[in-house]
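Worksheet for the structure shown next.
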Amino acid sequence: MANVIQKIQQLVPPTHPVLGDGILVLTDIKSSPYPGASVVPDYCKATFDRRLLVGETREGVLAPIQALLDEMMKEDPELNAKVSYAVEKADCYTGNTIESERFFPGWLYDEEDEFVQAAYKGLKEAGIDSEITQYSFCTNGSHYAGEAGIKTIGFGPSKENLAHTIDEYIEQEQLFIGTEGYYGILKSVYGK
Numbered sequence: 000m001a002n003v004i005q006k007i008q009q010l011v012p013p014t015h016p017v018l019g020d021g022i023l024v025l026t027d028i029k030s031s032p033y034p035g036a037s038v039v040p041d042y043c044k045a046t047f048d049r050r051l052l053v054g055e056t057r058e059g060v061l062a063p064i065q066a067l068l069d070e071m072m073k074e075d076p077e078l079n080a081k082v083s084y085a086v087e088k089a090d091c092y093t094g095n096t097i098e099s100e101r102f103f104p105g106w107l108y109d110e111e112d113e114f115v116q117a118a119y120k121g122l123k124e125a126g127i128d129s130e131i132t133q134y135s136f137c138t139n140g141s142h143y144a145g146e147a148g149i150k151t152i153g154f155g156p157s158k159e160n161l162a163h164t165i166d167e168y169i170e171q172e173q174l175f176i177g178t179e180g181y182y183g184i185l186k187s188v189y190g191k
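Position one of the sequence shown corresponds to residue 0 (numbering that gives the first Met the number 0), numbered consecutively onward.
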């Protein structure tokens with residue numbers, strides 16, 4: 000597995016002129032049986048997080064990894080490797096279970112989009128010094144904007160470099176500013 004991981008980490012994800020790099024980061028390695036308890040594992044799974052860019056497809060994201068694995072399996076007949084999306088299951092309040100692949104498409108609005116400008120105006124009117132930019136990480140907006148087509152922006156209190164990190168935190172003052180920002184956006188977007 001170490002060789003597979005090393006080779007995957009050498010792949011260069013695509014780049015978007017506005018969004019930047021499609022990041023590919025190893026986030027988890029798990030053997031089976033787990034914990035090993037002095038047993039040589041017969042299976043190992045590595046999980047990578049991949050930031051997707053506008054226009055990337057389910058198949059297109061996996062294709063370079065699959066091609067790499069195919070080549071490695073040709074060179075080493077004992078290697079048996081596959082690539083797939085993680086599948087998540089969740090129980091709903093109705094008792095139903097939903098299941099889906101963890102594929103989160105990239106999305107981007109034009110800076111001059113009416114919705115973007117209305118949100119930006121709301122922040123300015125709330126006294127928040129902000130700029131229109133893009134996140135360098137994935138959010139739930141990938142579902143709302145990327146899949147469901149619901150107008151979505153990213154705004155939140157705290158600092159972007161703290162998001163999705165160990166020991167993420169928020170200062171109280173940032174929380175208060177965030178509350179004013181949300182109120183300003185709602186007033187501006189909905190005109191109330």
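A virtual CB, placed ideally from N, CA and C, is assigned to each residue, including glycine.
Query raised in the report: Under the rule that 16 or more other beta-carbon atoms within 10 Å means buried, what is serine 83, buried or exposed?
Result: exposed
Report task. Would you mind reading off the limits of the beta strand (DSSP E) that contains isoleucine 97? Result -> 96 to 100
Query raised in the report: alanine 62 lies in the alpha helix (DSSP H); which residues open and close that run?
Result: 57 to 74
**Report entry** Integer Cβ distance of isoleucine 97 from alanine 89, believed to fall under 8 Å
**Finding:** 6 Å
**Report entry** Opening and closing residue of the beta strand (DSSP E) in which serine 31 lies
**Finding:** 23 to 31
**Report entry** Reference glutamate 146, options Ser157, Arg101, Gln171, Asp166, closest by Cα
**Finding:** Arg101
Requested in this report: Following the continuous beta strand (DSSP E) through lysine 6, name the residue where it begins and the one where it ends.
Outcome: Counting along the chain, lysine 6 falls outside any beta strand (DSSP E), though it belongs to the alpha helix (DSSP H) covering 1 to 9.
Query raised in the report: Which class does phenylalanine 103 belong to by DSSP, given the choice of helix, strand or coil?
Result: coil
Query raised in the report: For aspartate 42, which three-state DSSP category applies?
Result: The amino acid occupying residue 42 in the given sequence is tyrosine; aspartate does not appear at that position. Residue state, collapsed to three classes: strand.
Report task. For glycine 180, count neighbouring C-beta atoms within 10 Å of its own C-beta (all shown protein chains included) and say buried if the count is 16 or more, exposed if not. Result -> buried
Query raised in the report: From what residue to what residue does the beta strand (DSSP E) around lysine 88 run?
Result: 86 to 90
Requested in this report: Give the single residue among Pro40, Ser187, Leu18, Ala118 whose Cα lies nearest to the Cα of isoleucine 28.
Outcome: Pro40
Query raised in the report: In whole angstroms, what is the alpha-carbon distance linking arginine 70 and leucine 10?
Result: Strictly speaking, residue 70 in this sequence is glutamate, with arginine absent from that position. Their backbone Cα atoms lie some 14 Å apart in a straight line.
Report task. Would you kindly report the start and end of the unbroken alpha helix (DSSP H) that includes lysine 186? Result -> 171 to 189
Query raised in the report: In chain order, what residues of the same chain have a beta carbon less than 7 Å from the beta carbon of glutamate 124, not counting five sequence neighbours either side?
Result: Gly183, Ser187
Requested in this report: Express the C-alpha separation of valine 17 and tryptophan 106 in angstroms, rounding to a whole number.
Outcome: 11 Å
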